[in-house]
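First residue of the sequence shown? That's 1100 in the numbering used here, and the numbers climb one at a time after it.
Where is the CB? At the ideal position from N, CA and C, for every residue including glycine.
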Amino acid sequence: MTAVSEPVKRVLLAKPRGYCAGVDRAVVAVEKALELYGPPVYVRKEIVHNRHVVESLRERGVIFVEETSEVPEGELVVFSAHGVSPAVRAEAEERKLRTIDATCPLVTKVHKEVNRFAREDYDILLIGHEGHEEVEGTAGEAPTHVQLVDTAEDAAKVEVRDPSKVVWLSQTTLSVDETMERVDQLKGRFPNLADPPSDDICYATSNRQTAVKAMAPECDLVLVVGSKNSSNSQRLVEVAKQAGARDAHLIDFAREVDEKWLEGVTTVGVTSGASVPDVLVMDLLAWLSERGWGEVQEVTTANEKIAFALPRELRSV
């Protein structure tokens, strides 16, 4: 009798994963502000949606606030990568706050599209998740022209003034497939619905989803490193399941993996959201290695070379 060999336990590691150019720029902006001005540096909302990053910065003297009104007059405040509305900027000016704008340039691009279409008096259907900071900032550019479309129900109910002057835009961190589903639904109701002048979903979001789709069919389990409030990380879990992974979970740290998830698992897929430092992924690989998943194969679907200049307030210093 020949012995049945144990299936080889392995990890498929998605590339690209982790930090995108916008997150890198935002985190470096806060670190540089700390260096130049010393603590405290105030940040409106979380600079990026990642627990580890926020805690590390908090330890170094960053104070995270929900609203600009919580920042003492005359102090320095950084606007997060997700962007803010003109009303927030106006409030900061009123309170004589010094500001550093760490809004991701790809979010700024969507804000400019909103302004352009509002000037031309279009109805703007913004596909995005209700309550997400990015959506609040984008809609705040032209609140009388923008309507949020989150669910299929929203798409079925939304009304416009003139069906020949309507355009869709989207939050940058959505699932590509789900967004196009919404767009098809809206086009069924408004055949003249205009597309954004260029793709709103950010390159990093779609690249990370493509990498997960490539490895998911071979995975018994996909672990996505990312925080619960990170939209793009949540989407990676959904995309993994839709693309054929037997199971997928979102975790902030390796210690959050439930060992039960590993029962009967041969291939584990690993990736991370766009606001996750790679040190957390390395910790997870070490944790898996200790439990027998030592063989790591990288699945590469794109090589990212994009970088953004620092906010102008930090460039001349």
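Are the region 1168-1184 and the region 1118-1127 in contact at 8 Å, needing three or more beta carbon pairs? yes
For A1191, which residues of its own chain have a beta-carbon under 7 Å away from its beta-carbon, when the five flanking residues on both sides are left out? T1167, V1176, T1198
What does Y1141 pair with, by DSSP beta-bridge criteria? I1162, V1176
Would you call the CB atoms of R1150 and S1326 closer than 7 Å? yes
Expressed to the nearest angstrom, what Euclidean distance is found between the alpha-carbon atoms of R1116 and E1397? 11 Å
Comparing C-alpha positions only, which one of A1385, P1185, S1269, E1130 sits nearest to T1304? S1269
Measuring alpha carbon to alpha carbon, tell me which of P1262, L1379, E1145 ends up nearest A1201. E1145
Taking the straight line between their C-alpha atoms, what separation do you get for R1411 and K1404? 21 Å
As assigned by DSSP and simplified to three states, the class of A1217: helix
DSSP three-state assignment for A1344, whether helix, strand or coil: coil
Which residues bound the alpha helix (DSSP H) around Q1308? 1302-1314
Determine the closest residue to P1296 out of I1223, E1355, L1349, E1212, with distance taken between C-alpha atoms. E1212
Where the beta strand (DSSP E) containing A1113 begins and where it ends: 1109-1114
Taking buried to mean at least 16 other C-beta atoms within 10 Å of its own C-beta, is R1414 buried or exposed? exposed
Hey, out of H1231, T1243, P1138, whose CA is closest to A1217's CA? T1243
Just list the residues that DSSP pairs S1269 with in beta bridges. I1226
Would you kindly check if the distance between the Cβ of F1289 and the Cβ of V1265 is under 7 Å? yes
Determine the contact status of E1240 and H1210, defining contact as a CB-CB distance below 7 Å. yes
Under a three-way DSSP split, which group does V1375 fall into? coil
With DSSP run on the structure shown, which of helix, strand or coil describes A1255? helix
Between P1316 and the rest of its own chain, which residues show a CB-CB distance below 8 Å, the 5 nearest in sequence each way excluded? A1342, G1343, A1344
With A1401 and T1278 assumed to form a contact (beta carbons below 8 Å), what rounded beta-carbon distance in angstroms separates them? The pair is not a contact, with the Cβ atoms about 19 Å apart (cut-off 8 Å).
Reduced DSSP category for R1260 - H, G, I as helix; E, B as strand; rest coil: coil
Please list the terminal residues of the continuous beta strand (DSSP E) segment that includes R1197. 1197-1200
Here's a check: name, in chain order, each residue in its chain whose Cβ is nearer than 8 Å to the Cβ of G1391, leaving out the five neighbours to either side. K1108
What residue range does the beta strand (DSSP E) around E1394 cover? 1394-1399
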